[in-house]
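See structure below.
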Amino acid sequence: MAQTSAKVTAAACYQSIANRGLVAQPWLVTESGTVTFGQLRARIDAVTALLQGQGIAVGDRVVIATRDDAEAAQLFIALICNGVTAVNLDPDAGPDRAQSLIAKATPRLIIIDRDLLARWPGVRAAGPVVEIVPAARSTGVFGKLMTQKPKREGLHALLEHQTPQAPPADIDPETLAYILFTSGTTDQPKGVSISHRALFAHLATLSRRYNYTPTSRILNTLMLSHADGMIQGPVIAFFNAIPVYRPLRFEVTTINLLLDSIYQLRITHLIAVPTMLSLILRLGLDQRDAFQGGDFKLLVSCGAQLEPKLWEDFERTFQVPLVNVYGLTETVVGGVFSGPDAMSREPGSIGVPEDCELRLADRDGKTVADGEHGELLMRGELLMSGYFDAPQMTAEVLNEGWFRTGDIARRDEAGRFWITGRAKNIIIRGGYNIHPEEITEVLQRHPAVTEAVTLGVKDLDWGETVVAVVAADAAVSDTELLTHCAANLEPRKVPSRIQRVAALPRGRSGKVVLEQVRALLAQAPSARAEANGPSADDSERLLKLAASCFKTSVDTITLASRPRDVPGWDSLAHLELVCALEKEFDLRLSSRDIMSLDRLDKALGLIQKT
Amino acid sequence: MTEKQVLLAVLFSSATAVLAAWLPPPRWQPRLIAAVGAALLLLLSPLSACLLGVGAGLSYLLHRRTGNSRAALVAAVVVIAATLISFMLAAAPAAKGIGGHVVLPFGLAFYALRLIHYQFEGYKGNLRGHSFDEYLGYLFMPSLLSTGPIHRFDEYLRDLRRKRWDPALFSAGCARVLYGLVKIVVLGNYLLAEVLPAQFEALAGAGIGHFYSDALQFWLKLYILFSGYSDVAVGFAALAGFRVRENFDQPFIARNISDFWQRWHRSLSSWCRDYVFTPVLSLTRSQGAAVVSSMVVLGLWHELSLRYVLWGAYHGAGIVIFRAFDARYGASLDALTGVTAALWRTLATALTLHFVLFSFYVTTAVQHWLTGG
Amino acid sequence: MYTLLCAHLPRPLVHALYAVWYAALLLLVYYFFDRQPAGFYYMHR
Numbered sequence: 142m143a144q145t146s147a148k149v150t151a152a153a154c155y156q157s158i159a160n161r162g163l164v165a166q167p168w169l170v171t172e173s174g175t176v177t178f179g180q181l182r183a184r185i186d187a188v189t190a191l192l193q194g195q196g197i198a199v200g201d202r203v204v205i206a207t208r209d210d211a212e213a214a215q216l217f218i219a220l221i222c223n224g225v226t227a228v229n230l231d232p233d234a235g236p237d238r239a240q241s242l243i244a245k246a247t248p249r250l251i252i253i254d255r256d257l258l259a260r261w262p263g264v265r266a267a268g269p270v271v272e273i274v275p276a277a278r279s280t281g282v283f284g285k286l287m288t289q290k291p292k293r294e295g296l297h298a299l300l301e302h303q304t305p306q307a308p309p310a311d312i313d314p315e316t317l318a319y320i321l322f323t324s325g326t327t328d329q330p331k332g333v334s335i336s337h338r339a340l341f342a343h344l345a346t347l348s349r350r351y352n353y354t355p356t357s358r359i360l361n362t363l364m365l366s367h368a369d370g371m372i373q374g375p376v377i378a379f380f381n382a383i384p385v386y387r388p389l390r391f392e393v394t395t396i397n398l399l400l401d402s403i404y405q406l407r408i409t410h411l412i413a414v415p416t417m418l419s420l421i422l423r424l425g426l427d428q429r430d431a432f433q434g435g436d437f438k439l440l441v442s443c444g445a446q447l448e449p450k451l452w453e454d455f456e457r458t459f460q461v462p463l464v465n466v467y468g469l470t471e472t473v474v475g476g477v478f479s480g481p482d483a484m485s486r487e488p489g490s491i492g493v494p495e496d497c498e499l500r501l502a503d504r505d506g507k508t509v510a511d512g513e514h515g516e517l518l519m520r521g522e523l524l525m526s527g528y529f530d531a532p533q534m535t536a537e538v539l540n541e542g543w544f545r546t547g548d549i550a551r552r553d554e555a556g557r558f559w560i561t562g563r564a565k566n567i568i569i570r571g572g573y574n575i576h577p578e579e580i581t582e583v584l585q586r587h588p589a590v591t592e593a594v595t596l597g598v599k600d601l602d603w604g605e606t607v608v609a610v611v612a613a614d615a616a617v618s619d620t621e622l623l624t625h626c627a628a629n630l631e632p633r634k635v636p637s638r639i640q641r642v643a644a645l646p647r648g649r650s651g652k653v654v655l656e657q658v659r660a661l662l663a664q665a666p667s668a669r670a671e672a673n674g675p676s677a678d679d680s681e682r683l684l685k686l687a688a689s690c691f692k693t694s695v696d697t698i699t700l701a702s703r704p705r706d707v708p709g710w711d712s713l714a715h716l717e718l719v720c721a722l723e724k725e726f727d728l729r730l731s732s733r734d735i736m737s738l739d740r741l742d743k744a745l746g747l748i749q750k751t
Numbered sequence: 105m106t107e108k109q110v111l112l113a114v115l116f117s118s119a120t121a122v123l124a125a126w127l128p129p130p131r132w133q134p135r136l137i138a139a140v141g142a143a144l145l146l147l148l149s150p151l152s153a154c155l156l157g158v159g160a161g162l163s164y165l166l167h168r169r170t171g172n173s174r175a176a177l178v179a180a181v182v183v184i185a186a187t188l189i190s191f192m193l194a195a196a197p198a199a200k201g202i203g204g205h206v207v208l209p210f211g212l213a214f215y216a217l218r219l220i221h222y223q224f225e226g227y228k229g230n231l232r233g234h235s236f237d238e239y240l241g242y243l244f245m246p247s248l249l250s251t252g253p254i255h256r257f258d259e260y261l262r263d264l265r266r267k268r269w270d271p272a273l274f275s276a277g278c279a280r281v282l283y284g285l286v287k288i289v290v291l292g293n294y295l296l297a298e299v300l301p302a303q304f305e306a307l308a309g310a311g312i313g314h315f316y317s318d319a320l321q322f323w324l325k326l327y328i329l330f331s332g333y334s335d336v337a338v339g340f341a342a343l344a345g346f347r348v349r350e351n352f353d354q355p356f357i358a359r360n361i362s363d364f365w366q367r368w369h370r371s372l373s374s375w376c377r378d379y380v381f382t383p384v385l386s387l388t389r390s391q392g393a394a395v396v397s398s399m400v401v402l403g404l405w406h407e408l409s410l411r412y413v414l415w416g417a418y419h420g421a422g423i424v425i426f427r428a429f430d431a432r433y434g435a436s437l438d439a440l441t442g443v444t445a446a447l448w449r450t451l452a453t454a455l456t457l458h459f460v461l462f463s464f465y466v467t468t469a470v471q472h473w474l475t476g477g
Numbered sequence: 003m004y005t006l007l008c009a010h011l012p013r014p015l016v017h018a019l020y021a022v023w024y025a026a027l028l029l030l031v032y033y034f035f036d037r038q039p040a041g042f043y044y045m046h047r
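Residue numbers (my numbering), protein chains in the order written: chain A, 142 to 751; chain B, 105 to 477; chain C, 3 to 47.
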């Protein structure tokens, strides 16, 4: 279906899940349960009836704000099928931001968790509200026997009383499918507006590029309030009539479970951000065969620049084909792909465009010569229609069909593109975009803060971390400032570090000079990254040492090597390695250290411990 | 109970455990597998069931309470080893080594090693979070109770967490059980026990040939039967969704004695490597001491006797000598090509095989010499 | 072995061959099962 050249629309997707024998097949599997295609279809029918009953028509906007992933995904798709623009908000957003976004969206209906409504009291003023109330669970056998049917409230009660109705068969492709608010300041929220045209054209591109087939199974644990989570998860699964799994929240402690799930659920495609890959590579080495269950096809890395070393180490260690996707919320999710084919694959590059055009331009918009650096411009069906209700901001980035990405790039002889810098002011932490001004704005609202600026600092695991440089009353502690941030910002936007200064360096025009702030940061004694990675120097020395003990060349071993992978690592060589380590790094290993030293990265841990 | 009935009980409980591994909801699977194993033990040896039950409870508690304390590890290993040794001592007069009669509580020799393995891995900090039920399922898995392999807890746990219906693994498991049974019943109990002895007798004649044929028959039978039982055990584990470590890898084609011990009863030799060799190595920093002590423990595990001390030391010495030889000449021998290389390989394999074949003769002779018998 | 056979013979035939082979082995086991065991060796430890 997705493979045909004919344009696939929301209605066609609805038809295909309604017609095929998919009723009992899972579409979305979350921690709390499974939603089948049959249930999804029933939900679309009920929402259609609800919308018609409320007089909500094509082109109107409906806000979704819920922590229940299954709920958010079902509503999102049901709204799209009706040509109603879905505005799915991040439930972690602070009250001020959430309320300003909802006001901006001027929704006809707000579907929101009951407890979120309590946290965001101003929401009621912005439009009619329908609450999502978790169904009361009857407890124990006795409870189940006594209650015949759980009493439903709010949204579920409303939907129960609807007469199911099929969504419209024809929706103008320029209708907005969804609006996604990316990080921006409170005064000027940036609502990326994606039309049906852009969404479905790009879903077809992605499906072809990833080679989704009816037997594919996606695992995607990214947040649904972001395009990589929602579009590359439930939406593309709906598009291809395949299941998507969200079995857990990705955390350091769930890495083993994630790898178990990939094997157990016979996952074919994993959607991940580089930070996840970095942590899996660091902590998931006991399960290097997790991708070797016979089903896995493709690892999709998105959201941030994938460092070439991480890229190659991950591919080699876990033996998986990888594709890196470059794109922005403004381009649905992607457009430029690198790998897994030999032609486009080049670790560090973003590869080549698919179903869109790229151009590099100088400040005046003129195309630069091959090999020169310039701002990356994109053109194609995948582009957003604009920022919602912000013609000025739209005009700044969209011009004659070309979209300014804000990234500086160059093109190599093979036609692949490389990102070399950033013209826009943005922090990408763990695959999520953070607008530094949003954090600065929050900090400046604190009465003790005289001035503040926020910037991103390079980090091995997170790509970048958020650092706030603050001039404030010394009586106020860093903790207090961070608590203030946490109360007003999503957790991932809270600075990893606060650096105090007497005053911010400003240029003649009065603007803060970021270069000087960076220099200040570099000098600061506490200049350390959020999580210190192994020093490249130590690991290099260690690998060299190990190679000489195992009588092999350095290229054949990595930090992930274990005795059974390295022919020369027998018990004799083990002793040799221990002695060499002690000598080279001047340490004394305990018997426990020696016994548990069954992977080279553990040796690195021992070196760094002392 | 006759031996055949024991075999039938093991087969029946293993098959029941396969059902227990698939039919109930996941939470119940390890519990029920453990229950089937416990029922088998209670039937065959209530004493053994009690020992394993107590051992499981105590080791789990110890791991939970003390985490990875060194004193707890030492205490646990001492208690487990002391239990095993006292049963072996008590049984010693009746035992005649490998091939003797029932001497120990059913399965003790294997689960004692598993309990020690669990403590060691806990100490090293290698154990993922798990429940007591899961641990019981590991210890009581019926097909592995009687003959090993000494599988690893982390591998068991990983398979449990990754459990999925896998037709390829299941059909491989079926074939594996069948081949194992053919080895035991047809090759071992019939061919090697009833048909071949006469043929060997006729061929060998008297003198050195007699010795030769005896050693050959002994090792062949040992290999066929033991690997047959391992096949059945590994096969049933596969049917239940677990990939258990292999016990044998064509041991008779080993090129050297070190290689042989990586192919023969591998789960035992790797246990000795991890829990005797490496600790001794880390304490003494002496390669020779570590090799010899781990081979002596490996020998004594079979039977507490001077004969097995010598037998272990014989293999330990073999490995030390081979290592020294290999360090000196290994590179130049590896560089050989063509006919000379083939000749050397054949010679090395034959030498290794004979080193193993005559191990009992040599050690018995030394024992007689030492004891003046 | 299976892949090797499948490369040269039609798949149903290979499956039939396997079925015959397993059945024969099963029969053998069944037939000899009553023999006096030659010793349980490790089982008896």
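All residues carry an ideal CB built from backbone N, CA and C; glycine is no exception.
What does R131 (chain B) reach in chain A if we use C-beta pairs closer than 8 angstroms? Within chain A, no residue comes near R131 (chain B); the closest Cβ sits about 15 angstroms away, beyond 8 angstroms.
Once DSSP output is grouped into helix, strand and coil, what is the label at V348 (chain B)? V348 (chain B): coil per DSSP, three-state reduction.
Near T561 (chain A), what residues of its chain come up, given a Cβ to Cβ distance below 7 angstroms and the 5 sequence neighbours on each side ignored? Counting only Cβ-Cβ distances below 7 angstroms, and skipping sequence neighbours, we find H514, I549, A550 and R551.
With a 10 Å radius around its C-beta and 16 neighbouring C-beta atoms as the bar for buried, classify I221 (chain A) as buried or exposed. Result: buried.
Cutting at 7 angstroms between CB atoms, please list the residues of its own chain near N673 (chain A), excluding the five before and the five after it. Annotation note: pLDDT 46 at N673 (chain A) (below 50); position unreliable, coordinate value reported separately. Cβ neighbours of N673 (chain A) beyond the five flanking positions: none.
One or two residues paired with N465 (chain A) in a DSSP bridge: Listed as beta-bridge partners of N465 (chain A) by DSSP are A:S442 and A:S479.
Cα-Cα separation between R669 (chain A) and A142 (chain B), rounded to whole angstroms: Reliability fails at R669 (chain A), whose pLDDT of 43 lies under 50, so the model's placement of it is uncertain and the value that follows must be treated cautiously. Between the alpha carbons of R669 (chain A) and A142 (chain B) lies a gap of roughly 55 angstroms.
Contact with chain B by M534 (chain A), beta-carbon distance below 8 angstroms: Taking CB atoms only, M534 (chain A) has no neighbour in chain B less than 8 angstroms away.
Taking a cut of 7 angstroms between CB atoms, which residues from the segment 348-379 of chain B lie near chain A? Going along the segment 348-379 of chain B in chain order, one finds R377 with a Cβ nearer than 7 angstroms to chain A.
Closer than 8 angstroms by C-beta to A254 (chain A): which residues in its own chain qualify, once you throw out the five before and the five after it? Chain order, please. Residue identity differs from the one stated: residue 254 (chain A) is Asp in this sequence, not Ala. The residues are A206, T207, R208, D209, P232, E272 and I273.
Segments assigned beta strand (DSSP E), at least 3 residues, entirely inside the segment 535-578 of chain A: As for any beta strand (DSSP E) of minimum length 3 sitting wholly inside the segment 535-578 of chain A, the runs are 543-552, 558-563, 568-570 and 573-575, ordered along the chain.
List the residues of chain A that P128 (chain B) touches, going by C-beta distances under 9 angstroms, in chain order. Ordered by position in chain A, no residue passes the 9 angstroms Cβ test against P128 (chain B), which lies about 17 angstroms from the chain.
Spatial neighbours of S485 (chain A) within its chain, please: C-beta separation below 8 angstroms, excluding the five flanking residues on both sides. Excluding sequence neighbours, S485 (chain A) sits near F478, S479, G492, V493 and R557.
Please report how far the alpha carbon of V630 (chain A) lies from the alpha carbon of V583 (chain A), in whole angstroms. At residue 630 (chain A) the sequence reads Leu, which differs from the Val that was named. When rounded, the separation of the alpha-carbon atoms in L630 (chain A) and V583 (chain A) is 8 angstroms.
Report the residue from A:L340, A:P388, A:I335 and A:S336 whose alpha carbon sits nearest the alpha carbon of L360 (chain A). Among A:L340, A:P388, A:I335 and A:S336, the Cα nearest to that of L360 (chain A) is on A:P388.
Residues of chain B with CB closer than 7 angstroms to the CB of R407 (chain A), please, in chain order. Within 7 angstroms Cβ-Cβ: R268.
Does the Cβ of C720 (chain A) have 16 or more other Cβ atoms within 10 Å, making it buried, or fewer, making it exposed? Exposed.
So is F116 (chain B) in contact with chain C if we call contact Cβ pairs under 8 angstroms? Closer than 8 angstroms: no.
Within 8 angstroms of any Cβ in chain B, is that where the Cβ of L27 (chain C) sits? Closer than 8 angstroms: yes.
May I have the straight-line CA-CA distance separating L524 (chain A) from T697 (chain A), to the nearest angstrom? Linking L524 (chain A) to T697 (chain A) through their CA atoms gives a straight-line distance of about 44 angstroms.
Is I205 (chain A) close to the ligand FAD? I mean its beta-carbon at under 7 angstroms from any heavy atom of the ligand. No copy of the ligand FAD occurs in the structure displayed, which carries no ligand at all.
Contacting residues, own chain, Cβ-Cβ under 6 angstroms from F426 (chain B) (five flanking each side not counted): Answer for F426 (chain B): N360, I361 and S362, listed in chain order.
Own chain, CB closer than 6 angstroms to G201 (chain B), minus 5 neighbours either side, in chain order: The predicted model places G201 (chain B) with a pLDDT of 48, which falls under 50 and marks its position as unreliable, so this point remains unresolved.
Chain B contact for R37 (chain C) (CB, 8 angstroms cutoff): Yes - at least one Cβ of chain B is within 8 angstroms of the one on R37 (chain C).
Go ahead and label D430 (chain A) buried or exposed: buried means 16 or more other beta carbons lie within 10 angstroms of its beta carbon, across all protein chains shown. D430 (chain A) sits exposed, since fewer than 16 C-beta atoms from the chains shown fall within 10 Å of its C-beta.
If the criterion is Cβ atoms closer than 8 angstroms, does the pair P636 (chain A) and V594 (chain A) meet it? Cβ atoms of P636 (chain A) and V594 (chain A): not closer than 8 angstroms.
Quick one: grab the DSSP three-state call for V22 (chain C). In the three-state DSSP reduction, V22 (chain C) falls in the helix class (H, G or I).
The beta strand (DSSP E) spanning R641 (chain A) covers which residue range? R638 to R641 is the extent of the beta strand (DSSP E) around R641 (chain A).
On the DSSP bridge list, what partners appear for V517 (chain A)? Rather than Val, the amino acid found at residue 517 (chain A) in this sequence is Leu. Beta bridge pairing from DSSP links L517 (chain A) with A:L501.
How far does the alpha helix (DSSP H) with W323 (chain B) in it extend, from its first residue to its last? From DSSP, the alpha helix (DSSP H) with W323 (chain B) extends over I312 to L343.
CA-CA distance, H234 (chain B) and L243 (chain B)? Cα-Cα distance, rounded: 13 angstroms.
Which residue from A:V461, A:G444 and A:E448 puts its Cα closest to that of G468 (chain A)? Looking at A:V461, A:G444 and A:E448, the one whose alpha-carbon comes closest to that of G468 (chain A) is A:G444.
How far does the beta strand (DSSP E) with E272 (chain A) in it extend, from its first residue to its last? Note, E272 (chain A): beta strand (DSSP E), V270 to I273.
Using Cβ-Cβ distances below 8 angstroms, what residues of the segment 222-252 of chain B are close to chain A? Correct list: F224, Y227, K228, G229, N230 and R232.
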